[in-house]
Each structure stands twice: as C-alpha cells, then as structure tokens.
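Start counting the sequence shown at 1; every next residue gets the next number (the UniProt record's numbering). Reviewing the structure listed below.
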Amino acid sequence: MEKRSPSLPSTLERSERFVKRGSSNIFLNTLAEHLQFQVASLRSTILKVTKFMMFHLAKSMA
1 MEKRSPSLPS TLERSERFVK RGSSNIFLNT LAEHLQFQVA SLRSTILKVT KFMMFHLAKS
61 MA
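Now the structure itself:
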C-alpha cells in the first residue's frame with residue numbers, strides 16, 4: 001500500500017467534505033474559487049519570471 005504524505009490534496013479533500021456538510025458552504029466555495037484563482041495567477045507569474053530569467057541567462061552566456 002502506498003504511503004501518502006499529508007499534502008495539499010488530502011487537505012483539499014478534507015475541506016471538501018467539510019463544505020458538503022457545513023452550513024456556510026457558499027462562503028467556503030467562494031473562498032475556494034478565489035484561492036484557486038490566486039494560485040493560478042501566482043503560477044503564471046512564476047512561469048513568466050522564470051522564462052525571463054532563463055532568457056537573460058542564456059543571452060549573457062552567449
């Protein structure tokens with residue numbers, strides 16, 4: 001049996017179970033959507049910065 005570390009997916013699964021039985025699920029769903037958007041924009045920013053740095057690193061080495 002594969003041993004899973006207590007990572008983000010397991011935390012998300014726990015919070016989804018809480019949302020299903022919780023009374024404030026509209027608030028939590030809105031919060032979850034907001035956080036997913038924040039993570040997506042942060043990821044795209046990190047990718048842009050990484051590409052920019054790699055481009056300039058390659059240019060300076062040439």
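Ideal placement from N, C-alpha and C gives every residue a C-beta, glycine not left out.
Cβ shell of residue i (< 7 Å), same chain only, five flanking positions each side left out
{"i": "residue 2", "result": "Here residue 2 scores only 48 on pLDDT, less than 50, and its place in the model should not be relied on; the value that follows carries that caveat. Contacts found: none."}
{"i": "residue 52", "result": "none"}
{"i": "residue 41", "result": "none"}
Continuous alpha helix (DSSP H) stretch holding residue i: start and end
{"i": "residue 40", "result": "25-61"}
Between the CA atoms of residue j and residue i - distance to the nearest angstrom
{"i": "residue 68", "j": "residue 45", "result": "Residue 68 lies beyond the stretch modelled for the chain, which goes from 1 to 62, so this question has no answer here."}
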